[in-house]
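Numbered by our numbering, the letters in the sequence shown go through residues 14 to 722 in order. Positions of the beta carbon are idealized from the N, C-alpha and C atoms, including for glycine. Notes follow once the structure below has been shown.
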Amino acid sequence: MSSLRLLLWSVALAVSAIAASARDVIVRSGEHAGFTRVVVLFPQGTEWTVRQSGTEILLTARGEPLDFDLSNAFRRIPRARIADMTALPDQATLRLTTAMTTRVSSFGLSQGGAVLDISDATDPAPEPQNRDLPSSWWREDSAGNQPPRPTLPLPDSRVQQAEQDLLLQLGRSATQGVVRINPMAPARAAPEPATPRSDILFGMDSLTVMDRDMGMLVRQMGPGGRTCAADEDYDPGSWLNDQPPVQQISAARRSLIGEFDRPDQSAVTGLARVYLALGMSTEARRTLEAFPDATTPVRKSDAAILAMADVIDDRPASASLTAMRGCPGRVAIWAFLASPEPAAATASDMDAVQRSFSALPQGLRDALGMRLIDRLLKAGARETAEAIRNTFRRSETPESDAARLAEARLELADKAPAAAADLLGPVAQGKDAEAARAVAMRIDSFIDRHRAVPEAETQRAADFVHLLGDGRDSYRMRRAQILGAASVGDFDTAFAVLDDWPAGTEDDLRHSAGQKAFDILSRVPDDNLFLSRLLPRVAQARETGLGLNQQIALSERLSTLGFGEAGASVLDPPAQRTPRGRVALARAALANGDPPTAIAALDGMDGSDVAVLRAEALAGLGEHAAAAEMFAAMNEPARAAQEAWRSGSPDAILRFGTDAQKTAIRRSLSRAPAPEEGTGLLSRANRQISDSQADRAAWETLLSQVPPP
Numbered sequence: 014m015s016s017l018r019l020l021l022w023s024v025a026l027a028v029s030a031i032a033a034s035a036r037d038v039i040v041r042s043g044e045h046a047g048f049t050r051v052v053v054l055f056p057q058g059t060e061w062t063v064r065q066s067g068t069e070i071l072l073t074a075r076g077e078p079l080d081f082d083l084s085n086a087f088r089r090i091p092r093a094r095i096a097d098m099t100a101l102p103d104q105a106t107l108r109l110t111t112a113m114t115t116r117v118s119s120f121g122l123s124q125g126g127a128v129l130d131i132s133d134a135t136d137p138a139p140e141p142q143n144r145d146l147p148s149s150w151w152r153e154d155s156a157g158n159q160p161p162r163p164t165l166p167l168p169d170s171r172v173q174q175a176e177q178d179l180l181l182q183l184g185r186s187a188t189q190g191v192v193r194i195n196p197m198a199p200a201r202a203a204p205e206p207a208t209p210r211s212d213i214l215f216g217m218d219s220l221t222v223m224d225r226d227m228g229m230l231v232r233q234m235g236p237g238g239r240t241c242a243a244d245e246d247y248d249p250g251s252w253l254n255d256q257p258p259v260q261q262i263s264a265a266r267r268s269l270i271g272e273f274d275r276p277d278q279s280a281v282t283g284l285a286r287v288y289l290a291l292g293m294s295t296e297a298r299r300t301l302e303a304f305p306d307a308t309t310p311v312r313k314s315d316a317a318i319l320a321m322a323d324v325i326d327d328r329p330a331s332a333s334l335t336a337m338r339g340c341p342g343r344v345a346i347w348a349f350l351a352s353p354e355p356a357a358a359t360a361s362d363m364d365a366v367q368r369s370f371s372a373l374p375q376g377l378r379d380a381l382g383m384r385l386i387d388r389l390l391k392a393g394a395r396e397t398a399e400a401i402r403n404t405f406r407r408s409e410t411p412e413s414d415a416a417r418l419a420e421a422r423l424e425l426a427d428k429a430p431a432a433a434a435d436l437l438g439p440v441a442q443g444k445d446a447e448a449a450r451a452v453a454m455r456i457d458s459f460i461d462r463h464r465a466v467p468e469a470e471t472q473r474a475a476d477f478v479h480l481l482g483d484g485r486d487s488y489r490m491r492r493a494q495i496l497g498a499a500s501v502g503d504f505d506t507a508f509a510v511l512d513d514w515p516a517g518t519e520d521d522l523r524h525s526a527g528q529k530a531f532d533i534l535s536r537v538p539d540d541n542l543f544l545s546r547l548l549p550r551v552a553q554a555r556e557t558g559l560g561l562n563q564q565i566a567l568s569e570r571l572s573t574l575g576f577g578e579a580g581a582s583v584l585d586p587p588a589q590r591t592p593r594g595r596v597a598l599a600r601a602a603l604a605n606g607d608p609p610t611a612i613a614a615l616d617g618m619d620g621s622d623v624a625v626l627r628a629e630a631l632a633g634l635g636e637h638a639a640a641a642e643m644f645a646a647m648n649e650p651a652r653a654a655q656e657a658w659r660s661g662s663p664d665a666i667l668r669f670g671t672d673a674q675k676t677a678i679r680r681s682l683s684r685a686p687a688p689e690e691g692t693g694l695l696s697r698a699n700r701q702i703s704d705s706q707a708d709r710a711a712w713e714t715l716l717s718q719v720p721p722p
């Protein structure tokens, strides 16, 4: 009796908890000819109203609190007509913000829900017959144009009995997979419109056993006809039960060895699956290695475990797994994470990735969630990344570490590093893997803002290097330590850690750390610090794989400081062949005193920068008059006058020189006229004195314009 009472109390508590929580409401959308449709699947019987004011549409429901699921609201529509959808805090109203003046019409679904058709204000409203749901599912719409419902006579008892027998047979067939009820199937129209018939009130699809099996076969095929793996081989969520992990591992280990101390391969696979589902990838791999199957090199189920372990450990995965990235089953997330990033963006089924992620155990969701969000953002699948973030919101408390990490990653993608740093602060104080991720992301947030990383953050990154051992996460923390040290000008420590990085180990992280460190160095204002740290590492900077912008910035600064040879060396061959690289190479050649190389680098190029460098190269070759003419053509009078004066050509000086230069050269070229008849010695002496005074004044004016050395 007490157990029954306890059961009743448990049921009552569960019902009250469910009643107190908000009901999930799915929001879907689709683009049609001339209008955008939004479907909000309210619970059956929910009353709702639609109000429009300017570019704002409010859909308000009455009754229980609602939680609008907007994760897929923009999956199939652009933001051209509907700019945004927002659930208001009252848990009853959905706000749609339009990008233009629109017209909204609405109608209801008999199974519950509201349909909003939003069209441009200048377009005619969409006709009811064009709507993509059968009329038998409509409820009265805002325009009052509900289709007439057929009036059916009440059948006699024999018809009712036949109907019950038919429903019983349909139910049995549905459980066997022979018949599949599809309420969204279009209703068949009656052959004659005279008498309404009951068979148009709902849609049904029938499916034979052979068609069903062929459909399953087709669904198991991926892009290009490749076979997709069975869900059971890539479904860790089905490998665990409600018992504590220790008990599950113990139960799996007890049946590991069978008669004559021979391992039971099914039990070996079961134990490895338990390990993997709990996130213990190393233990899963070691279990399979310790008990190999003598009858076959690797079974399919064991190969799947090894492939998933590689994904969890962020190791290169097998080609057979990456080939299944377009499959719709449980393998979708594993193939997506294992594939090279450019290919993953174009060939993956994002809906399947999201579904397979939601089916993972909580521990694997925490372990793979951040990496999945990173990959989705790089692939341009922002809405799927937000859906994964929403999964964390629903399965975790808002203040949990996993939820904060997911939220912070999206803030970083939105160029809001300050908000990301605030979210990550509490998480970074721990000592687990999530704390390590938070420390690395916080350091990235400081670097993105071009701010110095606090010493405590850099020290925590260094501590995690030793705490995490020799895995990829440890090298992520090495990268964070390098960036933290470089941000405060401690390039000795930064480059020392980079030099100790083993060659061939996590090269992508090593190159990323080197690129960021040299990028920080290129912005150091102290020229002495810049030169002392960069000049010994010019070759290393080039080998790090710097981007074009980084190479140009380093080269131009070195050339400006007079180190033309180093400025040319920092440019790799592909960069030297680009237009900007050729300009930088010419500038480095001029700084190195090699005008012919500069002229050769600029051959066939146009532009103001190119013209300036070409004129400087001519000046370096001693062709000052030609350089003066080029500077004058570029409206550079000061430089034109300087080169004209250096040429020593009176003609060039009179064309391009300053007024003082022209006056001085004219006086130098002038000749005193012959003495007039009858002029005496005193008159000639006075004229010589005045001419001398004028010459002296002209040269004093000219010399006053020359800056002191």
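Contact check, residue i vs residue j, beta carbons under 8 Å
i: GLU578; j: ASN605; result: yes
i: LEU418; j: ALA449; result: no
i: ALA614; j: LEU598; result: yes
i: ALA526; j: ARG555; result: no
i: ALA507; j: ALA530; result: yes
i: TYR247; j: VAL344; result: yes
i: LEU584; j: SER568; result: yes
i: ARG94; j: THR114; result: no
i: ALA581; j: ALA552; result: no
i: ALA380; j: GLY484; result: no
i: LEU790; j: ALA285; result: Here the chain covers residues 14 to 722 and nothing more, so residue 790 does not appear.
i: ALA290; j: ALA242; result: no
i: ARG402; j: LEU423; result: yes
i: SER621; j: ALA638; result: no
i: ALA330; j: MET363; result: no
i: ARG299; j: LEU319; result: no
Span separating the alpha-carbon of residue i from that of residue j
i: LEU574; j: PRO587; result: 24 Å
i: GLU649; j: ARG462; result: 38 Å
i: ALA503; j: PRO305; result: Reading off the sequence shown, one finds Asp at residue 503, where the question assumed Ala. So the alpha carbons of these two residues sit roughly 51 Å apart.
i: PRO276; j: THR282; result: 10 Å
i: LEU54; j: PRO341; result: 25 Å
i: ARG709; j: ALA641; result: 27 Å
i: ARG152; j: THR73; result: With a pLDDT of 37 at ARG152, under the threshold of 50, the modelled position of that residue is not reliable, and no figure is offered here.
i: GLU713; j: ASP672; result: 13 Å
i: ALA365; j: PRO353; result: 18 Å
i: PRO321; j: ALA348; result: For clarity, residue 321 is Met in the given sequence; the question names Pro instead. Computed Cα separation, rounded: 9 Å.
i: PRO249; j: SER294; result: 12 Å
i: ARG652; j: ALA441; result: 57 Å
i: GLU629; j: ARG536; result: 27 Å
i: ALA96; j: ARG41; result: 15 Å
i: MET618; j: VAL596; result: 9 Å
i: LEU559; j: ARG600; result: 19 Å
i: THR518; j: GLY47; result: 55 Å
i: SER703; j: PRO609; result: 49 Å
i: ASP532; j: ARG593; result: 18 Å
i: SER458; j: LEU631; result: 47 Å
i: THR59; j: ALA100; result: 17 Å
Per DSSP, the bridge partner or partners of residue i
i: TRP61; result: ALA74
i: PRO276; result: ILE270
i: GLY43; result: ARG50
i: ARG36; result: LEU79
i: SER66; result: GLU69
field: Complete runs of the beta strand (DSSP E) confined to the region 69-146 [at least 3 residues]
entry: 69-75, 79-82, 95-100, 106-111, 115-122 and 127-133
- prompt: Quick one: any contact between the region 61-80 and the region 95-109, if contact means 3 or more CB pairs under 8 Å?
  reply: yes
- prompt: Contact between the region 327-341 and the region 254-272: three or more CB pairs below 8 Å?
  reply: no
- prompt: Taking one C-beta from the region 662-670 and one from the region 696-707 each time, how about it: are there three or more such pairs within less than 8 Å?
  reply: no
- request: Kindly provide the ranges of any alpha helix (DSSP H) runs that are 4 or more residues long and lie completely inside the region 329-386, ordered along the chain.
  value: 332-335, 345-351, 354-360 and 363-371
- request: Please go through the region 610-672 and give each complete alpha helix (DSSP H) segment of 4 or more residues, from N-terminal end onward.
  value: 621-633, 637-646, 650-660 and 663-669
Cβ pair count under 8 Å reaching 3, the region 513-525 against the region 449-458: no
task: Run through the region 427-467 for me and flag every whole alpha helix (DSSP H) of 4 or more residues, listed as ranges in chain order.
output: 430-437 and 446-461
- prompt: Are at least three pairs of beta-carbons, each pair with one atom in the region 383-401 and one in the region 59-72, less than 8 Å apart?
  reply: no
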